[in-house]
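This report refers to the structure that appears directly beneath it.
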Amino acid sequence: MNTFSSTHIRPSGAPAHGTVPRPTPAGPEADERFRRHVQAVAGAASSVPLAATLGSLITRWFAPLHVTEDGALWGREHGQPVPVTPAAVRDLLRRSDLGGQLGTEPSAADLDEALVIAAGRARVEHERTVVAEQHQADRARADLVDDAERAERRAALLRQLAALDDRPQQVPAEPSAGWERLRRRG
Numbered sequence: 001m002n003t004f005s006s007t008h009i010r011p012s013g014a015p016a017h018g019t020v021p022r023p024t025p026a027g028p029e030a031d032e033r034f035r036r037h038v039q040a041v042a043g044a045a046s047s048v049p050l051a052a053t054l055g056s057l058i059t060r061w062f063a064p065l066h067v068t069e070d071g072a073l074w075g076r077e078h079g080q081p082v083p084v085t086p087a088a089v090r091d092l093l094r095r096s097d098l099g100g101q102l103g104t105e106p107s108a109a110d111l112d113e114a115l116v117i118a119a120g121r122a123r124v125e126h127e128r129t130v131v132a133e134q135h136q137a138d139r140a141r142a143d144l145v146d147d148a149e150r151a152e153r154r155a156a157l158l159r160q161l162a163a164l165d166d167r168p169q170q171v172p173a174e175p176s177a178g179w180e181r182l183r184r185r186g
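By the UniProt record's numbering, the letter at position 148 of the sequence shown is numbered 148, and the numbering carries on one by one without gaps.
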């Protein structure tokens with residue numbers, strides 16, 4: 001063995017980091033070992049249901065979503081408003097080959113549940129937007145009240161200043177005795 005191969009091959013027979021031993025036809029024990037090793041390298045399988053994942057994806061794919069008064073879910077695709085239905089989601093999955101990337105083809109029940117999740121998120125987002133708009137309107141009203149009070153105070157101060165300016169200043173008819181002394185020294 002040369003130096004390069006001796007430092008990169010583990011003589012103990014343990015697999016190198018990131019490699020997965022292939023299953024052998026040795027029975028279920030080998031399959032179980034293979035699964036354990038895959039989980040050790042890749043991590044445990046996702047515990048998030050497919051419908052929840054699809055619901056998150058639908059809210060991004062068709063953003064912004066909104067629920068109409070009759071309960072229909074609408075979103076935008078390529079800037080155009082579209083109804084978000086199981087057929088529309090299935091069509092998007094087919095056109096963009098996202099089913100292969102998800103690793104499974106969602107069932108009708110998964111799509112229905114995903115649309116319920118997406119509609120719930122759209123309602124929550126709508127309520128959040130309404131509350132934010134109400135808060136902004138309340139803040140604007142409070143600012144207007146503050147501005148009006150500030151304007152009233154300013155007007156009162158200006159009236160007081162104008163009243164001071166309107167008073168005639170009294171000029172003494174004859175200078176005082178002290179003034180005469182200062183003028184003579186001067």
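No residue lacks a Cβ here, since even glycine has one placed at the ideal position from N, Cα and C.
Here residue 65 carries a coil assignment [DSSP, helix/strand/coil]. Less than 9 Å separates the beta-carbon of residue 118 from that of residue 62. Scanning its chain for C-beta atoms nearer than 6 Å, with the 5 sequence neighbours on each side dropped, one finds no residue around residue 40. Residue pairing by DSSP places residue 80 opposite 77 in a beta bridge. Here the alpha carbon of residue 96 sits roughly 45 Å from the alpha carbon of residue 138.
Between residue 114 and residue 72, the gap from beta carbon to beta carbon reaches 9 Å or more. Counting C-beta atoms within 10 angstroms of its own C-beta, residue 106 has 16 or more neighbours from the protein chains shown and is therefore classed as buried. Distances from the CA of residue 89 to each of 146, 55, 64 and 125 were compared; the closest alpha carbon is that of 55. Rounded to the nearest angstrom, the gap between the Cα atoms of residue 128 and residue 164 is 54 Å.
Ranked by Cα distance from residue 76, the first of 70, 65, 85 and 49 is 65. Between residue 126 and the set 37, 143 and 69, the nearest pair of CA atoms involves 69. Separation of residue 180 and residue 170 (C-alpha to C-alpha, rounded to the nearest whole angstrom) is 19 Å.
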